[in-house]
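**Q**
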Amino acid sequence: MKPGEPVTPAPRPGGGPALRRRFGGQSPLACVEVGEALLIYPAGRLDPQAQALAGGVARDPEHTVVVLDLPLDAPAEWWTSVVRLLKRQNEGLRLIFGRQHGNTSPAIAQMLADRLRRPLLAPDGPVTPTAGGVLFVPTDRGAGWLTFRPGVPPRRESRRFPKPRWEPDEENGPWYTSEVSVAEALPAGVWARPMGDDPHDHRQRLVGGLLFRAELLTIVLGCPGAPALPLKEVARLWDALQPAARNAVRFVQYGPVAVPEASGGLGQELADLLRVPVRLCTGLPTGRAGDHSADMYTICEDGSPGWRPFAREFGHVPRPEGGGAAPAAAAPPEIVSHRRPLPGIPETMRGVYQYIYQYAPGAVLEVVRSGLWMRPPEDHGDIGAVRSAPMDPAVPVIWYDAGSRETEQRMRRLAEEARQHLDPLTREVCRVLPAVSGASAAGALSPRALPPAARPARPETPAAAEVRAPARRPGPGPATPDAPAAALRSPVHVAAHSGLGGQVSRHAATALTAVPAQVAEPLPDPHRAIWQAAQAGRHTEAAAMVAAMEEHALRTAGPDSPETRHWLEIRADLARRADDYVRATELCIAVAHALLRHHGPDTPEAGTAVDNAHHCWERVTDPVEFRRIAPDLIALRQAVPGPDDRFLRAARRRLEQLDTRTASSSPVARRA
23 MKPGEPVTPA
33 PRPGGGPALR
43 RRFGGQSPLA
53 CVEVGEALLI
63 YPAGRLDPQA
73 QALAGGVARD
83 PEHTVVVLDL
93 PLDAPAEWWT
103 SVVRLLKRQN
113 EGLRLIFGRQ
123 HGNTSPAIAQ
133 MLADRLRRPL
143 LAPDGPVTPT
153 AGGVLFVPTD
163 RGAGWLTFRP
173 GVPPRRESRR
183 FPKPRWEPDE
193 ENGPWYTSEV
203 SVAEALPAGV
213 WARPMGDDPH
223 DHRQRLVGGL
233 LFRAELLTIV
243 LGCPGAPALP
253 LKEVARLWDA
263 LQPAARNAVR
273 FVQYGPVAVP
283 EASGGLGQEL
293 ADLLRVPVRL
303 CTGLPTGRAG
313 DHSADMYTIC
323 EDGSPGWRPF
333 AREFGHVPRP
343 EGGGAAPAAA
353 APPEIVSHRR
363 PLPGIPETMR
373 GVYQYIYQYA
383 PGAVLEVVRS
393 GLWMRPPEDH
403 GDIGAVRSAP
413 MDPAVPVIWY
423 DAGSRETEQR
433 MRRLAEEARQ
443 HLDPLTREVC
453 RVLPAVSGAS
463 AAGALSPRAL
473 PPAARPARPE
483 TPAAAEVRAP
493 ARRPGPGPAT
503 PDAPAAALRS
513 PVHVAAHSGL
523 GGQVSRHAAT
533 ALTAVPAQVA
543 EPLPDPHRAI
553 WQAAQAGRHT
563 EAAAMVAAME
573 EHALRTAGPD
583 SPETRHWLEI
593 RADLARRADD
603 YVRATELCIA
613 VAHALLRHHG
623 PDTPEAGTAV
633 DNAHHCWERV
643 TDPVEFRRIA
653 PDLIALRQAV
663 PGPDDRFLRA
673 ARRRLEQLDT
683 RTASSSPVAR
693 RA
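For the record, in the sequence shown the residue sitting at position 108 is 130 according to the numbering used here, with numbers rising by one throughout.
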């Protein structure tokens with residue numbers, strides 16, 4: 023599934039036949055409720071693409087959303103049936119055409135408004151479904167959403183549905199163009215980029231994956247592989263904004279921007295240039311606003327997603343304007359949005375420029391630009407260097423204080439322990455590095471400037487060690503390659519063992535099968551390919567790659583090995599990212615059982631696995647599955663208690679509430 027592609031809900035049970043009867047038993051049309059919309063289509067010909075379109079549409083609180091999936095040459099009596107059905111809707115109407123009708127869409131919408139004798143909303147061009155159910159009409163494909171009224175010309179309402187608060191009244195083309203750059207509309211905001219070849223792939227990534235927020239205007243700057251965007255072009259875009267929209271702006275650096283080398287970075291340069299406080303995101307916001315899928319990922323040099331930053335948004339204020347030759351010192355940037363680094367640890371204080379979490383007695387874990395910082399609670403003279411260390415979009419870092427030998431050993435141990443509690447995909451690319459005392463510049467603490475050997479070793483996998491051919495079973499007949507080893511090289515086998523249907527992409531198959539199993543040469547590291555597939559929404563592809571690696575670990579290291587458990591953890595994380603919380607809970611429980619068998623209940627990893635299972639279980643919406651999983655999870659909670667018993671109490675309380683609701687809604691209870 024690609025970023026922004028909606029999960030298609032099935033037609034509501036019972037909805038199809040009931041709505042079909044509205045047309046009459048012999049009608050050639052059918053109508054079903056899909057998600058937040060009605061879908062009207064030729065009876066017996068439900069198109070999956072039209073169903074996906076209807077299922078992904080955002081809710082409209084003021085209108086009934088109707089997807090009309092009828093052919094261009096539909097008979098006149100079909101439209102008469104549509105008019106009869108729509109007359110029965112008490113709310114306003116928002117129409118979406120499931121098939122491309124070209125220039126006839128406005129004429130059809132006007133015809134329906136005239137025959138219904140009521141206004142309705144419809145686009146005058148093809149709509150582009152995007153992340154979060156937003157329907158966007160690109161500027162080169164139409165004027166946007168129009169209100170059609172009986173007997174009068176249509177009036178433009180918006181370019182996006184839902185309409186954001188920041189959308190300009192007129193948006194009939196690029197926000198601006200110059201000789202060197204262009205600012206084009208996106209569903210979530212606007213993209214300022216240099217002139218040049220059409221960046222189709224990057225546009226698709228931003229249209230389909232960039233988080234839409236009705237209250238925030240996202241301004242994306244630059245394009246990977248293109249020349250640096252001059253800062254004066256950003257000022258030109260700023261001048262084109264409506265004054266009321268400027269407070270809603272969040273900047274995202276997607277490609278190169280021409281910032282002076284000796285400056286305080288892009289955020290500070292923007293604040294100084296525009297003379298207003300600015301907010302700069304540390305990555306690309308993704309997902310659906312208002313739910314658990316909303317997230318952020320750093321942006322690698324080629325535009326691909328990196329890791330989930332802990333510090334998500336920085337605030338910068340302009341330097342004071344002075345008359346001296348040297349510019350005034352800039353105030354340190356403030357972290358204005360962050361994510362909790364680890365589950366279950368309390369936030370102890372919020373400073374002006376920092377977030378600090380109590381991690382252990384005599385140790386705190388602080389969120390910084392480049393990742394995290396494990397240090398004693400007392401501030402010391404090197405805090406500025408660590409907090410301003412630049413972010414590597416490909417590598418998160420946990421710094422540890424190295425002020426003295428005694429402190430260094432303990433802080434390193436705690437930092438390594440904290441790394442083990444990160445989600446599997448972040449853990450795989452994270453480095454634990456010393457914050458050297460006396461560092462006078464942020465560059466001294468750049469992750470890129472430190473030796474690769476400082477990166478912690480991961481469990482041995484085919485990516486990090488030789489691929490050894492498993493021993494053949496003794497038996498008559500000529501020796502043949504081991505069947506599982508040969509099967510590992512088959513994309514069909516990979517997909518089958520992932521538990522998911524569909525084909526694996528050529529890139530994924532190549533990453534997994536490039537070297538025969540009997541050849542003692544390392545395979546390409548699969549973690550980055552898995553991560554990129556997961557962040558792009560290609561969950562089937564990511565799961566297939568992990569399934570193949572887990573199978574190899576089972577054959578070469580055994581079912582209870584750290585290698586096999588490593589891939590089981592990643593499977594759980596992928597299930598969570600795909601919103602399959604039943605599967606994610608089951609896999610986290612399996613990880614916890616494996617850790618209990620080999621390390622006992624006191625290992626921190628077991629507690630983390632149970633915490634993860636609990637968080638996933640709380641998001642299971644199916645009451646049958648919720649109740650089925652509960653006994654195993656509660657048993658684990660009793661075996662691996664947390665810092666206190668609040669999780670166990672919460673699990674039992676929610677189960678009791680579910681049992682109470684179920685009992686009160688049963689036919690026996692209602693009769694009583």
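Each residue gets a CB set at the ideal place from its N, CA and C atoms; glycine is no exception.
If you follow the beta strand (DSSP E) that Tyr319 is part of, which residue opens it and which one closes it?
**A** Here residue 319 refers to the residue found at position 297 when the sequence shown is read from its first residue. Start and end: 317-319.
**Q** For the alpha helix (DSSP H) containing Ser103, name the first residue and the last one.
**A** On the sequence shown, position 81 is the one that residue 103 refers to. Taken as a continuous stretch (DSSP letters only), the alpha helix (DSSP H) holding Ser103 covers 98-109.
**Q** Return the bridge partner residues of Leu394 from the DSSP annotation.
**A** For the purposes of this step, residue 394 is taken as residue 372 along the sequence shown, with counting starting at 1. Residue pairing from DSSP places Leu394 in a beta bridge opposite Val389, Ile420.
**Q** Take Trp589 and list the residues in its own chain whose beta-carbon comes closer than 6 Å to its own, dropping the five residues that flank it on each side.
**A** The count along the sequence shown starts at 1 and reaches residue 589 at position 567. The residues are Val568, Met571, Glu572, Ala575.
**Q** Excluding the 5 residues flanking Val419 on each side, which residues of the same chain have their C-beta closer than 6 Å to its C-beta?
**A** As a working mapping, residue 419 is identified with position 397 in the sequence shown. Ser392, Gly393, Arg453, Leu455, Pro469, listed in sequence order.
**Q** Alpha carbon to alpha carbon, what distance is there between Gly309 and Gly147?
**A** Taking the first residue of the sequence shown as position 1, residue 147 is located at position 125. Taking the first residue of the sequence shown as position 1, residue 309 is located at position 287. Their Cα atoms are separated by approximately 25 Å.
**Q** Kindly indicate which three-state DSSP category Arg427 falls into: helix, strand or coil?
**A** By 1-based counting over the sequence shown, the position of residue 427 is 405. Helix.
**Q** Under DSSP, the alpha helix (DSSP H) around Phe332 begins and ends at which residues?
**A** Within the sequence shown, residue 332 is the residue found at index 310, counting from 1. Segment: none, Phe332 is in no alpha helix (DSSP H) and carries neither H nor E.
**Q** Do you know whose CA, among Ala316, Asn269, Tyr276, Gly325, lies nearest Val300's CA?
**A** Counted from its first residue, the sequence shown places residue 300 at position 278. Among Ala316, Asn269, Tyr276, Gly325, the Cα nearest to that of Val300 is on Asn269.
**Q** Could you check whether Asp423 and Arg397 sit closer than 7 Å to each other, using their CB atoms as the reference points?
**A** In the sequence shown, counting from the first residue as 1, residue 397 sits at position 375. In the sequence shown, counting from the first residue as 1, residue 423 sits at position 401. Result yes, Cβ atoms of Arg397 and Asp423 sit closer than 7 Å.
**Q** Measure the alpha-carbon distance for Val149 versus Leu306 and round it to whole angstroms.
**A** Translated into the one-based positions of the sequence shown, residue 149 becomes position 127. Translated into the one-based positions of the sequence shown, residue 306 becomes position 284. Their Cα atoms are separated by approximately 23 Å.
**Q** Which residue from Leu239, Gly247, Pro282 puts its Cα closest to that of Pro265?
**A** To locate residue 265, count along the sequence shown from 1; it is residue 243. Comparing Cα-Cα distances from Pro265 to each of Leu239, Gly247, Pro282, the minimum goes to Leu239.
**Q** Quick check: the segment 242-250 against the segment 217-228, are at least 3 beta-carbon pairs closer than 8 Å?
**A** With the cut-off at 8 Å, the segment 217-228 and the segment 242-250 touch.
**Q** To which residues of the same chain is Ser285 closer than 8 Å at the C-beta, ignoring the five residues directly before and after it?
**A** Here the question's residue 285 lines up with position 263 in the sequence shown. Hits under 8 Å: Glu291.
**Q** Would Gly289 pass as a contact of Phe332 if the rule is Cβ separation under 7 Å?
**A** Walking along the sequence shown from the start, residue 289 turns up at place 267. Walking along the sequence shown from the start, residue 332 turns up at place 310. No, these two residues do not count as a Cβ contact at 7 Å.
**Q** Below 6 Å CB to CB, which residues in the same chain sit around Ser326 once its five sequence neighbours on both sides are set aside?
**A** Locating residue 326 in the sequence shown gives position 304, where the first residue counts as 1. These residues qualify, in order along the chain: Gln554.
**Q** Please go through the same chain and pick out, in chain order, the residues whose beta-carbon is closer than 8 Å to the beta-carbon of Asp324, but skip the five residues on each side of it.
**A** On the sequence shown, residue 324 is found 302 positions in, with the first residue counted as 1. For Asp324, where only same-chain residues beyond five positions count, the Cβ hits under 8 Å are Pro246, Gly247.
**Q** Figure out for me which residue from Glu343, Arg106, Met433 has the closest Cα to the Cα of Leu387.
**A** Here residue 387 refers to the residue found at position 365 of the sequence shown. Looking at the Cα atoms, Met433 is the closest of the given residues.
**Q** State the Cα-Cα distance for the pair Glu255 and Leu208, rounded to the nearest angstrom.
**A** Here the question's residue 255 lines up with position 233 in the sequence shown. Here the question's residue 208 lines up with position 186 in the sequence shown. Cα to Cα, Glu255 sits roughly 18 Å from Leu208.
**Q** Answer with buried or exposed for Val604, where buried requires no fewer than 16 other C-beta atoms within 10 angstroms of its C-beta.
**A** The residue you call residue 604 lines up with position 582 of the sequence shown. Burial call: buried.
**Q** Look at Gly155 and Gly78 and say whether their C-beta atoms are less than 7 Å apart.
**A** Within the sequence shown, the letter at position 133 stands for residue 155. Within the sequence shown, the letter at position 56 stands for residue 78. A contact, by the Cβ cut-off of 7 Å.
**Q** Taking the alpha helix (DSSP H) that Trp10 falls in, what are its first and last residues?
**A** Here the chain covers residues 23 to 694 and nothing more, so residue 10 does not appear.
**Q** Is the beta carbon of Leu243 closer than 7 Å to that of Val279?
**A** As a first step, residue 279 must be located in the sequence shown, where it is residue number 257. As a first step, residue 243 must be located in the sequence shown, where it is residue number 221. Cβ atoms of Val279 and Leu243: closer than 7 Å.
**Q** To the nearest angstrom, how far is the alpha carbon of Ala350 from that of Thr86?
**A** Locating residue 350 in the sequence shown gives position 328, counting from the first residue. Locating residue 86 in the sequence shown gives position 64, counting from the first residue. About 56 Å.
**Q** Can you say whether Thr102 is buried or exposed, counting buried as having 16 or more other CB atoms within 10 angstroms of its CB?
**A** The residue labelled residue 102 in the question sits at position 80 within the sequence shown. Flag for Thr102 reads exposed.
**Q** Can you have a look at Val174 and say buried or exposed, based on whether 16 or more other CB atoms are within 10 angstroms of its CB?
**A** Looking up residue 174 in the sequence shown gives position 152. That one is exposed.
**Q** Taking just the CA atoms, how far does Ala631 sit from Ile611?
**A** On the sequence shown, residue 611 is found 589 positions in, with the first residue counted as 1. On the sequence shown, residue 631 is found 609 positions in, with the first residue counted as 1. One C-alpha to the other measures close to 7 Å.
**Q** State buried or exposed for Gly66, treating a residue as buried only when at least 16 other CB atoms are found within 10 Å of its CB.
**A** Locating residue 66 in the sequence shown gives position 44, counting from the first residue. Result: exposed.
**Q** In terms of alpha-carbon separation, which member of Arg649, Asp633, Cys638 lies closest to Leu658?
**A** Here residue 658 refers to the residue found at position 636 of the sequence shown. Out of Arg649, Asp633, Cys638, Asp633 has the C-alpha closest to the C-alpha of Leu658.
**Q** Entirely within the segment 123-170 and at least 4 residues each: give me those alpha helix (DSSP H) ranges in chain order.
**A** 127-138
**Q** Judging by CA-CA distance, which residue of Leu157, Ala72, Ala437 is the nearest neighbour of Ala236?
**A** Start at 1 with the first residue of the sequence shown, and residue 236 comes out as number 214. Ranking Leu157, Ala72, Ala437 by Cα distance to Ala236 puts Leu157 first.
**Q** Tell me whether the beta-carbon of Ala293 lies closer than 7 Å to the beta-carbon of His338.
**A** On the sequence shown, residue 293 is found 271 positions in, with the first residue counted as 1. On the sequence shown, residue 338 is found 316 positions in, with the first residue counted as 1. Going by C-beta atoms, Ala293 is nearer than 7 Å to His338.
**Q** Kindly give me the distance between the Cβ atoms of Ala628 and Leu609, rounded to whole angstroms, as I take these residues to be in contact under 8 Å.
**A** Numbered from 1 along the sequence shown, position 606 holds the residue referred to as residue 628. Numbered from 1 along the sequence shown, position 587 holds the residue referred to as residue 609. About 15 Å separates the two Cβ atoms, so there is no contact after all.
**Q** Where does Leu61 sit, in a helix, a strand or coil, going by DSSP?
**A** Along the sequence shown, read from residue 1 onward, the residue named residue 61 stands at position 39. Three-state DSSP puts Leu61 in a strand.
**Q** Quick one, are the C-beta atoms of Gly120 and Asp82 less than 7 Å apart?
**A** Against the sequence shown, residue 120 aligns to sequence position 98. Against the sequence shown, residue 82 aligns to sequence position 60. Result no, Cβ atoms of Gly120 and Asp82 do not sit closer than 7 Å.
**Q** In three-state terms, what does DSSP make of Thr240?
**A** As a position in the sequence shown, residue 240 is number 218, starting the count at 1. Three-state result, Thr240: strand.
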